[in-house]
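Taken in sequence, the protein lines are chains A and B.
First residue of the first sequence? That's 1 in this note's numbering, and the numbers climb one at a time after it.
First residue of the second sequence? That's 1001 in this note's numbering, and the numbers climb one at a time after it.
In this text, a Cβ means the ideal position worked out from N, Cα and C, and glycines have one as well.
These figures come from a predicted structure and were not determined experimentally.
Just below is one structure, and these are the notes that go with it.
Number of protein chains: 2
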Amino acid sequence: MVLKGEGLAAAFTMDMLIPNTEIEFCACVHKVKKMGAFAFLILRTGRYLIQSVYEQGVCSGSLEGIYQGCYVKVKGMVKAEKRAMLGAEIRLADISLLSAPKEEYPLKVADKKLGCSLEINLQHRTVALRNPMERAVFQVAESVVTAFAQFMRSQNFTRIHTPKIVTAGAEGGANIFKLKYFGKDAYLAQSPQVYKQTCVAFFDRVFEIGAVYRAEKHNTPRHINEYIGLDYEMGYIDSMYDVMNLEVALMDYMLKYIADNYAYELDLLGATLPILGAVPSITFDKAIDIVTKGKGSKKTDLDPIDEESLSKYALKEYNSDFIFVTHYPGAKRPFYAMDDPKDAKIALSFDLICRGLEITTGGQRIHDYDSLVSKMLARGMHPDAFAPYLDIFKYGMPPHGGLGIGLERTVMKFLNLKNVRQASLFPRDLTHLEP
Amino acid sequence: MVLKGEGLAAAFTMDMLIPNTEIEFCACVHKVKKMGAFAFLILRTGRYLIQSVYEQGVCSGSLEGIYQGCYVKVKGMVKAEKRAMLGAEIRLADISLLSAPKEEYPLKVADKKLGCSLEINLQHRTVALRNPMERAVFQVAESVVTAFAQFMRSQNFTRIHTPKIVTAGAEGGANIFKLKYFGKDAYLAQSPQVYKQTCVAFFDRVFEIGAVYRAEKHNTPRHINEYIGLDYEMGYIDSMYDVMNLEVALMDYMLKYIADNYAYELDLLGATLPILGAVPSITFDKAIDIVTKGKGSKKTDLDPIDEESLSKYALKEYNSDFIFVTHYPGAKRPFYAMDDPKDAKIALSFDLICRGLEITTGGQRIHDYDSLVSKMLARGMHPDAFAPYLDIFKYGMPPHGGLGIGLERTVMKFLNLKNVRQASLFPRDLTHLEP
């Protein structure tokens, strides 16, 4: 190769931290404590905070012009030190400045917790994320995505990427963002539903990690308007329980993967992962019974307080932080949901609730062309408007089902965060379109 | 668990194909050849075609009502058979229908090549993708994405997900899709540029796999308007050559990963992966010299024919299907590109050309607040309009650089496809918004 580079950049990794060896890496100055001829510098690397000790005369570089927020290159000796984070510290032999900020952080980035309101945090999001607890959330988010992809591939699912600029909303309703596409009306996809079903026709099993857009005017701790959907769709199912069983195996894999690989972040966040246990599955009717304490009700959906009650029930009765609710009233589910052959008013669909919040919606889908057209007509939909979608059934589809998991909600519940915005790097909601 | 499912669905996997054992799986009837009391059924599973033999009296199920496009469940005995694909065939003991299409395929799905025009293919895309050669492209696309994620994680990059609904275009120009976001003007992101740079401030190294939107009115074999960007951005670089060296290592990893894991698809597609070799790197001026055969020119950019010429040069002189072009005229690169300290008219940026097509643009970025503001002013931009972006520099950024790889273009070139649309499941271009 005819390249003139000086080798890869020196980003810190844990395997470099061997006591009594020399180390050289780059980092951000997270905190400085000067004490005469000595100083403690907490260095922030991509994942860890590392304590370093500066001693005048020992370190050839100077601390002049080096302050919080500066990016530096350091050289030094690793020393075992029980009191330090990571059980070691760096005795600095050299330090040099790479770049200096123009202004002081507007937030207390070096405090354990930022200690500001969520609104201030979001206004200064590009600074807030420099706080190790804030960013740790996204290392866990990465682990959820990685575990999802690894697990799906281990189960012979093919990864797909489907368009987000579409001609119609699969989930119905008016909650859809509209745009002009070279003079035509187009929308941002409310889900990859149509496309992932299409791909089952030739890949048997598919998954997608992609953005989902909901123009809902909800301003709640559980709603954002652009989120990452972890979707899968599988052919040849016997029933929706195949889809649910696989999700339990997926959650088991994910939780173990996070516990095994992200203990540092969990500890930093003081988070305890949810207990999978023996995930119970109850029907919607039974759920209504539980939340109304058997008093009956005309409820056609579960509200956030109901979801909390069901999670308490699952934890008490089944020692699980998860609970499936199945057999929802069909009217509340999208047109593509398969009806229960025993009762056409009931959809063979389910939600998975984790710690009081729905994190998944899924179910078995209609795969027969005539049934789908009938159901669309019964709902006052115009099959002609969905001709390209209906084509996939006209030319054959196996029995199939699938689900969609909200990444940010999952991370929120895995880490017991109070607001889903905390689990989105740059959340989009009714009032936030920047940064 | 309180689930009633009958276990996971029977999707075929290669490890099930052991001669002289019983096998049971589900598949699509790809092709039927009836010959009296015998019939050959080619079964299409998620990845492979499998030959099966039906014999009246031996197979308990009937072939009545089973035709091309039906989804079936089969049982049988695996027999070694050299003449069959995969070196084995299934002697059917049972076959049952799961679902039947309503109409015949409008395309020749079971032919080796579809044999229709790209336009007909795209019109019937949901059927076209049922052709094994058509779908194989997306198994290779999956491998590119998987290899990208695996490699980046092995290099301590953190995976991020950034918003695609934004307030301004980072790449400049009018080529941007506009939408209304709760009464405000918003746009679809032309790249994750701003956000991936932001994340370098606290993660050191990041990567993203996400959609990119370009409202370009080009109708060429190399342009689509929604594509998947494989982006990375890394802190603490010495120069853009660090970014380029890493990309060469990435390409090496990717090409080996595909060769090792997707030989079946490469063979089916008759594709030969590009040769990495000793990837040359030439400056833009030298590139102009080569394409004009030393005659000089006032060209400020390379056109498709130039890119072809440069690839021929690289293959001849360096035995590589890849070539870097560096030091582009700054006026042709975005405002965030770092200028060459030796010549402010030159940007420290590069393209990677593979087999005659640019598949990557990258470079070193400005990390100093004042330099960035000066450059914006010099370009007639209003720094106030970019205040949230400028904040990341105000509060400090390390030296950094990165790149974006177009997934579909990469797959197109790895497989020597003629049109980038063939590498997009459901391409979006000037005239295609469906399916």
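| Check | Outcome |
| --- | --- |
| Chain A residues whose Cβ lies nearer than 9 Å to that of THR1146 of chain B | ALA149, ARG153 and ARG159 |
| Short CB-CB distance (under 8 Å) between GLU6 of chain A and chain B | Confidence in GLU6 of chain A is poor, its pLDDT being 44 and thus under 50, which makes the residue's placement unreliable; the coordinate value appears in the next sentence. Closer than 8 Å: yes. |
| Residues sharing a beta bridge with TYR1054 of chain B, DSSP | B:ALA1039 |
| Between the CA atoms of ASP1015 of chain B and GLN1422 of chain B - distance to the nearest angstrom | 30 Å |
| LYS345 of chain A: first and last residue of the uninterrupted beta strand (DSSP E) it sits in | 343 to 354 |
| Beta-carbon proximity of GLN1190 of chain B to ILE1209 of chain B, cut-off 8 Å | no |
| Listed by chain order, chain A residues near SER1099 of chain B by CB distance under 8 Å | HIS367, ASP368, GLY396, MET397, PRO398 and PRO399 |
| Alpha carbon of ILE1275 of chain B to alpha carbon of GLY1401 of chain B, nearest angstrom | 26 Å |
| 3-residue-minimum beta strand (DSSP E) runs that sit fully inside the stretch 384 to 429 of chain A, ordered along the chain | 400 to 406 |
| Neighbour flag for TYR232 of chain A against chain B, beta carbons, 8 Å | no |
| Span separating the alpha-carbon of TYR1048 of chain B from that of VAL1109 of chain B | 14 Å |
| Reduced DSSP category for GLN1364 of chain B - H, G, I as helix; E, B as strand; rest coil | strand |
| Neighbour-count burial assignment, LEU377 of chain A, 16 or more Cβ in a 10 Å radius | exposed |
| Pick from B:PHE1350, B:LEU1179 and B:THR1410 that is closest to ASP1321 of chain B, judged by C-alpha positions | B:THR1410 |
| Cβ shell of GLN1056 of chain B (< 8 Å), same chain only, five flanking positions each side left out | ALA1037 and PHE1038 |
| Simplified DSSP assignment, three categories, for LEU273 of chain A | coil |
| Opening and closing residue of the alpha helix (DSSP H) in which PRO132 of chain A lies | 132 to 154 |
| Chain B contact residues for ILE23 of chain A, given Cβ-Cβ distances below 8 Å | Ordered by position in chain B, no residue passes the 8 Å Cβ test against ILE23 of chain A, which lies about 14 Å from the chain. |
| Contact check, ALA93 of chain A vs LYS73 of chain A, beta carbons under 8 Å | no |
| CB contact check: LEU179 of chain A to chain B, cutoff 8 Å | yes |
| Bridge partners - PHE25 of chain A, DSSP secondary structure assignment | A:VAL74 |
| TYR262 of chain A versus ARG153 of chain A - alpha carbon distance | 21 Å |
| Inter-stretch contact at 8 Å, needing at least 3 Cβ pairs: the stretch 1412 to 1430 of chain B / the stretch 1116 to 1134 of chain B | yes |
| ALA201 of chain A: contacting residues in chain B (beta-carbon distance under 8 Å) | CYS1028, THR1126, LEU1129 and ARG1130 |
| Local conformation of GLY1210 of chain B per DSSP, three classes | strand |
| ALA93 of chain A in three-state terms, based on DSSP | strand |
| Cα-Cα separation, VAL194 of chain A to PHE335 of chain A | 12 Å |
| Cβ neighbour criterion (16 or more within 10 Å) applied to SER1060 of chain B | exposed |
| Any C-beta of chain B under 8 Å from that of ARG428 of chain A | yes |
| Listed by chain order, chain B residues near CYS70 of chain A by CB distance under 8 Å | GLY1396 |
| Proximal residues, the stretch 1378 to 1391 of chain B versus chain A, C-beta separation under 8 Å | PRO1388, TYR1389 and ASP1391 |
| Inter-residue CB distance, PRO19 of chain A and ALA84 of chain A (contact presumed, cutoff 8 Å) | Actually they do not touch by this definition, with Cβ atoms about 11 Å apart. |
| Proximal chain A residues relative to GLN1364 of chain B, where beta-carbon distance stays under 7 Å | Those within 7 Å of GLN1364 of chain B in chain A number zero; the least Cβ separation is about 11 Å. |
| GLY380 of chain A versus PHE182 of chain A: straight-line alpha-carbon distance, rounded | 30 Å |
| Where CYS59 of chain A sits in the DSSP three-state scheme | strand |
| CA-to-CA distance, LEU1114 of chain B to HIS1124 of chain B, given in whole angstroms | 11 Å |
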